[in-house]
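What follows is a short report on a single structure.
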């Protein structure tokens with residue numbers, strides 16, 4: 083009987099460490115309305131609404147693809163402003179309270195990341211096809227907007243992963259999965275450092291990943307970053323070379 087009990091406890095311990103748990107609010111965490119910009123769903127809703135408005139109010143004589151790029155740029159910029167307004171102002175305790183209750187979710191991460199990557203590809207390919215036909219200020223303007231779409235999409239992807247890592251670390255009032263130097267209590271900016279290091283280098287730096295659930299997230303994040311950087315950004319470089327060649 084004692085052996086069975088020990089075995090069951092061991093299995094339960096492994097399952098709790100490896101499986102994705104339900105989100106449990108951290109002690110002291112406050113629940114906000116799902117459209118509140120302090121929540122992931124609220125930020126995404128506000129940014130989407132701003133992007134749609136920008137697309138609808140763009141000059142009607144413009145190509146629909148140009149209007150779409152303008153709408154994406156506006157919405158992505160809005161999302162980044164809302165997110166980084168939280169990231170740069172949060173102390174470790176505030177990060178723990180919010181991240182323990184808020185989970186961007188794997189599905190939301192995947193949806194927005196794939197959308198960002200596809201839209202960046204669309205924008206870059208569109209510019210590659212049109213850049214030689216554009217002349218003067220208009221050509222430079224829309225080329226800049228398309229290249230901006232690539233940069234903003236890259237920033238959105240890793241910003242979302244910043245919130246994801248914070249939640250995985252502080253979920254349920256616990257603090258584990260990542261070992262930061264000097265045993266410091268991490269704030270949002272520390273998770274941003276971790277996420278953007280993976281986005282640029284496809285690897286972690288001085289932060290040690292110490293559990294399977296975070297390794298899964300890091301693996302997927304690294305693969306996305308590699309594909310994104312080698313395909314989307316190479317198209318952006320081709321646009322720049324074409325512009326220099328025409329000049």
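Residue numbers (our numbering): 83 to 329.
Each residue gets a CB set at the ideal place from its N, CA and C atoms; glycine is no exception.
Spatial neighbours of residue i in its chain, beta-carbon cut-off 7 angstroms, leaving aside the 5 residues before and after
| i | result |
| --- | --- |
| residue 235 | 158, 198, 199, 201 and 202 |
| residue 155 | 227, 230, 231 and 234 |
| residue 297 | 291 |
| residue 271 | 169 and 170 |
Same chain, Cβ closer than 6 angstroms to residue i, neighbours up to 5 away in sequence not counted
| i | result |
| --- | --- |
| residue 240 | 277, 278 and 281 |
| residue 205 | 151, 228 and 231 |
| residue 153 | 133, 136 and 137 |
Close Cβ partners of residue i (< 8 angstroms) along its chain, the five nearest in sequence each way excluded
| i | result |
| --- | --- |
| residue 130 | 157 |
| residue 173 | 269 |
| residue 290 | 260 and 261 |
Contact test: residue i Cβ vs the ligand GDP heavy atom, cutoff 7 angstroms
| i | result |
| --- | --- |
| residue 274 | The ligand GDP is not part of the structure shown, which contains no ligands of any sort. |
Residue closest to residue i, alpha-carbon to alpha-carbon, out of the options
| i | options | result |
| --- | --- | --- |
| residue 245 | 132, 190, 153 and 288 | 190 |
| residue 264 | 288, 181, 254 and 247 | 288 |
| residue 167 | 121, 283, 303 and 143 | 121 |
| residue 304 | 286, 179 and 323 | 286 |
| residue 207 | 308, 302, 253 and 148 | 148 |
| residue 127 | 247, 165 and 301 | 165 |
Check whether residue i and residue j have beta carbons under 8 angstroms apart
| i | j | result |
| --- | --- | --- |
| residue 169 | residue 299 | no |
| residue 227 | residue 162 | no |
| residue 182 | residue 255 | yes |
| residue 313 | residue 242 | no |
| residue 295 | residue 223 | no |
| residue 284 | residue 308 | yes |
Presumed contact (8 angstroms Cβ cut-off) between residue i and residue j, rounded CB distance
| i | j | result |
| --- | --- | --- |
| residue 132 | residue 160 | 4 angstroms |
> Are the segment 134–149 and the segment 164–182 in contact at 8 angstroms, needing three or more beta carbon pairs?
Replying inline: Taking a contact to require three or more Cβ pairs closer than 8 angstroms, the segment 134–149 and the segment 164–182 do not qualify as touching.
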